[in-house]
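Note sheet for the following structure.
Residue numbers (the numbering used here), protein chains in the order written: chain A, 7 to 344; chain B, 7 to 344; chain C, 7 to 344; chain D, 7 to 344.
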C-alpha cells in the first residue's frame, strides 16, 4: 500500500508555479496547501490550482498536522527560518537553491534534520535531467578516464536579481552538478567579476574551483551576454564531453579523443604528443521532466528513510563555495581554501 | 615610382610557408631569400619557391645589403638576437608573435628601432582580418556604447607546444586584439591554469585582464578541448557583439541589446532593469587574406616612415602581459599589477 | 462594453488540449463546454478544466443556445458535418486544418456561412506566429522585390498518421502560409512521393506549386527524416529570407542579396551576373503564443462582422491544392491545373 | 619499379588550377604540359608551374608522344572531340564532369576506349571524399537496411553559368554519388524548375529520380539561395544519415533510428508505428584531398589495366540523366523513363 505525501508550498513567485504544477501532477503526492503573502499571486495560484487550499500564513504549512513535506520557494534569506520551523514540527523539507544564505545556517539545518530524522532535499533540479544523469553514469563507469577539467558557460541577457550577484544566481547549477558528478572534494575557489550598474552586484563573473590531481573547474556566469549559451566541456584523459543544454536533441556529445605524451628518445625533457581523434557519439538522453523525477526521488527517499544525494550536506557544501566566491571577489580573485 | 622591398625570411617551419606564399604573391615586395637551418625544410622551400635563394646562414638575411626587410619566423627565444642584428644592419623587421621572450628584450628592440629609425612590425595577423577591422570600427564609432567586457574562448585539441604553455601559444591573439580595439590600458592581470601531462606546461588556462571603469577581459585557452571553438563576446552598454571566427559567413553578429537600470520609486536601493532586445545584424566583413593586407600595411608604413599600430611597443605590451600571466600562475591567480 | 464569447470545443485529442488551454486563458472568451466521445479523454479534460462542462454529445455544442462559437478539433472526415450543423444553428465556427476532406464540402460551407452571415475561421495557426507576420509585412512592403521562389523543408521522424499521407498532414502549414503571404493565385501543382510501409500512405513527398511570373514554390514533407528540419527559403529579386522555425531566437534572417544580369557588350546572348552580397539582419519577431493571437483575431472578426483572412474560402483553396496533389501523385507528378 | 605518368592538361580556367596543383604534387605523375588558349591564363599557369611547358595548341597534348594521360578541363561542348582525338592517339583520358554534352557522344567514347583499351575516367571528385567513401561503405555493409530515399539540397548564391542551367551545373555531383552508392538502376526521372533572368536558363530546379522498390531520390539545386547549404539525408529502414558537407568536423552523422509498422490486432487495415530513437554517432572521416586520392586511383587503374568505377559508362549514365531532366523540364515535370 502506497502512502500519499501531503505537500505544502511556501512561495508562489518565479519558480513556485513549476513546483505546484509538478507536485499536482505526481501520483504519489497531494498538493494540499500553498502559502503566498502577496494577494495577487494567491489569486494566480487559486486559478491554476482550484483544489488546493491557499493561505497567507507560513505556519499553516510549517506547523500544520496535515502536511508531510514543506516546500520552501521563498527568497534565500528566509530559507533557514522556515526550514528550521518545519523540521521542528517534524516535517520533511524541500528547499530551493541556494539552500541558505550562510553555511552556518546550513550546518544548523543538517544537525536538526539528523536529530529529527527527517529528509531535507535541496532542489538542484539539473541533477535529475537526462543529460546530467548520463554524464554521471559515464564518469562512474570511468569512460572519461582520469578527470581533467569541467568548463561551463552559462550566460544570457538578464534577468538581473535584486539581492544576489550573478554567481549566487547562476553558479549553483554548476556547483551542484560538479558536487554530484566529480566525486572529488574541492580544495580552493577563486572568483573574479565586475558590476556595471548602480546596484553594485556583479553581473559578469568567473569562478575557478581547484581539485586534487590537477583537476580544475571553471564557470562563466553572465547577465550581459547578447546570446544565451549553456555549454559545458568535460575533459578526461580518455574521452571528452560537450553538453549543449539548449539543444533539445543531441544535447550530449561524447568524443573518443585524447592525447598521449610520449617521452622523446632524444631527450628526457622532450615529449611527443600523440593525438587520438576517434568518433563522436550522442547517446539517447531521457527527456522526462526533471522536477517530476526529483519528486519520484523525494518519495523514494522518504519511504525508505534514505539520505538523498542532494541533502542538506550537499546544499551546505554549495553554500560554502558561494561564500568562498564572495570572499575571493573581495580579494580580487585570491584563492580561498575550502 | 614605386619601390619594391626585398624580403628575407628566417625560418621555414610551421608559419614560414604562409609567410613565403604571401610575400611572393604581393606585387610590392620581392621574396629574395629564405634562411632555414634544417636541410629537409630548405628542400620543401626550394620546391615551393624556385625563384627564391635558400641559405642556412641567418646573416645572409640580417646583414645582407640586398635585403630591406627581415622576417623572423623562428622560435621565440631567438627573436631578440635576430631582430637586434637586423636593426643594427639597418633592416626593417617583421617578427612573429610573441615578439620576444621577455619584455626587457622588447624594450631594447624599441630603443634600437627608434635610434635606427626603422620599422618593427609584430605579426599579429588577426588585426588584419575583416572581422577585427569591423569590430575596431564599430568601437571607434561608439556603436557599442561604454565598453563592459571582452570574453574569448579559444580552444581545440592540440597542438601541444614543446617550449611554451597554452597561454603563450594562444593568448597573444586575443591580447593583441584587445590592445588594438579596446583603446584602454590594462591595469592588472591574473591567470589560473593546470597541466595534465609530464611536460608541466599548462594545457588549460584562464586569463583575466582588468581595465579601468570596471571593464574586464577574460580568455579561455585550452589544448584539451574535444571541439574547436573560437568565439568572442564583446559587451557594451548599447550593443553587443558575438564573433564566431569559425564561420566563413556571418562570423560577426551585432545585437542591438542592452539593459537600463532604473532606480525604483519605492526605494533608492531598489532598481528595476529595463531590457532592450533589438534586432541583430551581420555586417559584410571583407574576406581578403589577412597576411596580404598586413604586407600592404608594412609597405605603406615603410614608404611613409609611419609607426605601425602593431609596432615594437605594442608587441612589448603583449609580452609584458604574458610575463604577468606567468607570475600570476605561480601565485595561484593573484592579480599582478601592470 | 465588451461581449464575452461562449466557446464549445468538439474533440479533446492531440490538439484539443492546446485549444482548451488558450481559450480558457483568453479574457474575451469563456470555455463553456467540451465534447469528447472517449471517456478517458473526458477525464483528462475534466482535470485540466474543472470549471468547464463536459459532454459526449456533439449537439450539446453545435445546437446549444448558450454557445457562440463551435471549435471543431475532430478527424477531418467529420469536419463538414459538424460545421454544417453548427452554422445551421447560427454558430460561428473554428475548424482545425485541413478544413474539410473535399473541396466540395468546403464550398458548401462557404455558401452556408454566407447565407447565415457567420464567421468561419480555419485554424492555420502558423499565420499568427511572429515569423509569418513579419514575413508578410516584408513582402507587402516590397522589401523582397519581385518574388522568385518559396522553398520549405518540413521533415522529422514520425508521427505517422493512420488516415492521411504526409502531404495532408504537414503541407497545409506551408500551403496556408503561401496563400497568405504570396498574394498570388497558384496555377498548377505537382506532387511526387513514395510509401515505404504497408499502410500505402506516402511518408515522403515533394510538392511543386506554379505561380504566374515564373514564381515557384516547393515543399518537402517527410515522416522518415532522422532529424527535425523546419526551414524555409524565400527568394526575391532584392532580398532573401531564411526562416528556421526551430530557433527560438533569430529564427528569421533577411539577406540583402541579389543578382543582376547585365547584357554583355560583346553579344546580346551573353550575360554577366553581378552579385550583391549585402548584410544580413534578424529582426525582432514577437513571441506571443500564436493561438492566443488567433483568438484575439476571432473576437475582433466577430465583433466587427469582418471576414477573416483564414476564412472558409482560404481553407477551401488549401483543400483544393491537397486534392490536386493527390491527383498528381497518381499520375507520377504530372502537373494538375488549378 | 614504378612508372611515372606524363600528364597534359587542356584548359586552365576555373578548375584547371586545382587539377594542376594536385597533379604536380602527386609523386606518381609528372605534369608535363598545359594547353590554354587564352594568353593571360597561360601567364597565370606559367607563374604557378614554372617547370611545366605551356602551349596554345590542344594537339600538343592529345597527339604528343610524350603524354600518357590527357586531362580535359574545357567547356563541356568540346569534351567529346578532345577525348576522341586523345583516345585515337592512344592516350588515357581524364574528363571533367559532365562528361559530354550528349549521351550519344558518351557512347562513342565508351566504344573507342574499349577498342583502344584505354582508361577513361570522369572527374566526379566527390566520390573520393572521406564522406562519400564512408557512406558507400555503410551502405555496402547493409548498415542502413533497405534503402528508402536520398535527399540532397545543394544551393547557394551564384555562380550563374552562361551555357548550362543549374541542373547541369550542380546536379552531376549528386547524380554521380547516387550512381556510386545506391547500386541500383534509376527507372525514371522528372525535373521542374524556373528561370528568373533573361538568359532563360533555370536557376532553381528540383529533380526526382525513381528507383525500384519505392526508393526515391530528390535533388534541390539553386543559384539563388541567400545561404550556402550542402545537406544530404539518406534514409534506410534501419539507420539514417545526415551529411552536411560544409562542416569540417562531424560532417557525417548516422542515426540509429527507424520505424516499424505493426498491424493492429483490431483491424488488418490499421497499423501502429513503433519508433526506434537510438543514438547518433559521427564516424571519423578521412580529410585527405579528394583530387589527390583520385589521382592515386587513376595510377592504380592504369597500372593494373582496371576499369575505374567512374569510367565512361558511369559518366554517360549521368549525362543520360541530365538529358532526361531537360526533357522533363520541357514537359513541366512529366517523368521520363530511362
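We put the CB at the ideal spot given by N, CA and C, even for glycine.
All figures in this text were calculated on a predicted structure; none of them were measured in a lab.
Quick one: which chain C residues come within Cβ less than 8 Å of residue 56/A? Numbered from 1 along the first chain, position 50 holds the residue referred to as residue 56/A. Ordered by position in chain C, the residues that pass the 8 Å Cβ test against residue 56/A are 56, 57.
When Cβ atoms are compared, which residues of the segment 183-198 of chain B fall closer than 7 Å to chain A? Answer in chain order: 196, 198.
Start and end residues, alpha helix (DSSP H) containing residue 417/D: Only positions 7 to 344 of chain D appear in the structure, and residue 417/D is not among them; the question remains open.
Sequence-distant residues of its chain with Cβ nearer than 8 Å to residue 218/D (five each side left out): Position 212 of the fourth chain, counting from 1, holds the residue named residue 218/D. Excluding positions up to five away in sequence, the list reads 190, 191, 193.
Assigned secondary structure, residue 73/B (DSSP; H/G/I helix, E/B strand, else coil): For the purposes of this step, residue 73/B is taken as residue 67 along the second chain, with counting starting at 1. DSSP places residue 73/B in coil when its eight states are reduced to three.
Interface positions of the segment 278-292 of chain D facing chain A (Cβ-Cβ less than 8 Å), listed along the chain: Here the close residues are 283, 284, 285, 286, 287, 288, 289, 290.
Taking CB distances under 8 Å as the criterion, tell me whether residue 295/B reaches chain C. As a first step, residue 295/B is located in the second chain; it is residue number 289 there, counting from the start. Taking Cβ atoms only, chain C never reaches closer than 8 Å to residue 295/B, which makes this a no.
So with CB distances below 9 Å, who are the chain B contacts of residue 201/A? Here residue 201/A refers to the residue found at position 195 when the first chain is read from its first residue. From the beta-carbon of residue 201/A, the residues of chain B found nearer than 9 Å are 220.
Name, going along the chain, the residues of the segment 231-259 of chain B whose beta-carbon falls closer than 9 Å to a beta-carbon of chain C. Residues passing the 9 Å Cβ filter: 255, 256, 259.
Which full runs of the alpha helix (DSSP H) of 4+ residues lie inside the segment 242-276 of chain D, going along the chain? Counting only runs of 4 or more, we get nothing.
What are the residues that DSSP puts in a beta bridge with residue 35/B? As a first step, residue 35/B is located in the second chain; it is residue number 29 there, counting from the start. For residue 35/B, DSSP records a beta bridge to 11/B.
Below-8 Å beta-carbon distance, residue 223/D vs any chain C residue: Locating residue 223/D in the fourth chain gives position 217, where the first residue counts as 1. Cβ-Cβ to chain C under 8 Å: no for residue 223/D.
Give the secondary structure of residue 282/D by DSSP, where H, G and I count as helix, E and B as strand, and everything else as coil. Residue numbering aside, residue 282/D sits at position 276 when the fourth chain is read from its first letter. In this structure, residue 282/D counts as strand in the three-state DSSP scheme.
Beta-carbon gap between residue 89/A and residue 73/A smaller than 8 Å: Within the first chain, numbered from 1, the residue matching residue 89/A stands at position 83. Within the first chain, numbered from 1, the residue matching residue 73/A stands at position 67. Taking 8 Å as the Cβ cut-off, residue 89/A and residue 73/A do not qualify as a contacting pair.
Contacts around residue 307/B, its chain only, beta-carbon distance under 6 Å, and the 5 residues preceding and following it disregarded: Position 301 of the second chain, counted from the first residue, corresponds to residue 307/B. Closer than 6 Å at Cβ, skipping near neighbours: 125, 314.
Under DSSP, the beta strand (DSSP E) around residue 200/C begins and ends at which residues? Position 194 of the third chain, counting from 1, holds the residue named residue 200/C. In this chain, the beta strand (DSSP E) harbouring residue 200/C covers 194-200.
Unbroken alpha helix (DSSP H) run spanning residue 179/D, endpoints: For the purposes of this step, residue 179/D is taken as residue 173 along the fourth chain, with counting starting at 1. For residue 179/D, the uninterrupted alpha helix (DSSP H) run begins and ends at 172-187, by DSSP.
Does DSSP put residue 344/B in a helix, in a strand, or in coil? As a working mapping, residue 344/B is identified with position 338 in the second chain. Coil, per DSSP.
Check the Cβ of residue 154/B against every Cβ in chain A and list those closer than 7 Å, keeping chain order. Within the second chain, residue 154/B is the residue found at index 148, counting from 1. Under the 7 Å cutoff, chain A gives 202, 230.
Quick check on residue 114/B: does DSSP put it in helix, strand or coil? Along the second chain, one-based indexing puts residue 114/B at 108. Here residue 114/B sits in helix by DSSP.
For residue 276/C, I'd like the list of residues in its chain whose CB is within less than 6 Å of its CB, leaving aside the five on either flank, ordered along the chain. Translated into positions along the third chain, residue 276/C becomes position 270. Hits under 6 Å: 270.
To the nearest whole angstrom, what separates the beta carbons of residue 285/B and residue 289/C, a pair I think is in contact under 8 Å? Within the second chain, the letter at position 279 stands for residue 285/B. Within the third chain, the letter at position 283 stands for residue 289/C. Confirmed, about 5 Å.
Taking the C-alpha atoms as reference points, what is the distance between residue 171/B and residue 237/B? Locating residue 171/B in the second chain gives position 165, counting from the first residue. Locating residue 237/B in the second chain gives position 231, counting from the first residue. Cα-Cα distance, rounded: 21 Å.
Thinking just about the alpha-carbon of each residue, which of 317/C, 340/C, 230/C, 92/C is nearest to the one in residue 5/D? A query on residue 5/D cannot be resolved here, the shown segment of chain D reaching from 7 to 344 and no further.
Quick one: grab the DSSP three-state call for residue 20/C. Numbered from its first residue, the third chain carries residue 20/C at position 14. Correct three-state label for residue 20/C: coil.
Just to make sure I have the definition right: I need the residues of chain A whose C-beta is within less than 8 Å of the C-beta of residue 263/B. Which are they? As a first step, residue 263/B is located in the second chain; it is residue number 257 there, counting from the start. What residue 263/B touches in chain A: 163, 232.
I need the DSSP call for residue 430/D, collapsed to helix, strand or coil. Outside the shown range of chain D (7 to 344) lies residue 430/D, about which nothing can therefore be said.
Helix, strand or coil at residue 294/D according to DSSP, with G and I counted as helix: By one-based count along the fourth chain, residue 294/D stands at place 288. Three-state DSSP puts residue 294/D in coil, outside helix and strand.
For residue 126/A, the first and last residue of its enclosing beta strand (DSSP E): Sequence index remark: in the first chain, residue 126/A carries index 120 (1-based). Segment 126-129, the beta strand (DSSP E) holding residue 126/A.
Quick one: is residue 7/C near chain D, going by C-beta distance under 8 Å? By 1-based counting over the third chain, the position of residue 7/C is 1. Low confidence applies to residue 7/C: its pLDDT is 47, below 50, so where it sits in the model is not reliable, and the reading given next is rough at best. For residue 7/C, no CB of chain D lies under 8 Å from its own CB, so it is not counted at the interface with that chain.
From residue 7/A to residue 293/A, what distance separates their C-alpha atoms? Sequence index remark: in the first chain, residue 7/A carries index 1 (1-based). Sequence index remark: in the first chain, residue 293/A carries index 287 (1-based). Caution is warranted here: a pLDDT of 47 is assigned to residue 7/A, below 50, making its placement in the model unreliable, and the coordinate value is therefore given only provisionally. Rounded to whole angstroms, residue 7/A to residue 293/A spans 29 Å at the Cα level.
In three-state DSSP terms, what is residue 4/B? With chain B covering only 7 through 344, there is no way to say anything about residue 4/B.
Inspect the beta-carbon positions of residue 225/C and residue 296/C and report whether they are closer than 8 Å. Within the third chain, the letter at position 219 stands for residue 225/C. Within the third chain, the letter at position 290 stands for residue 296/C. Going by C-beta atoms, residue 225/C is not nearer than 8 Å to residue 296/C.
Going along the chain, which residues of its own chain have a beta-carbon closer than 6 Å to the beta-carbon of residue 212/B, five neighbours each way excluded? Translated into the one-based positions of the second chain, residue 212/B becomes position 206. The residues are 198, 226.
Residue 425/B by DSSP, collapsed to three states: which one? Since the first residue shown for chain B is 7 and the last is 344, residue 425/B is missing from the structure and cannot be characterised.
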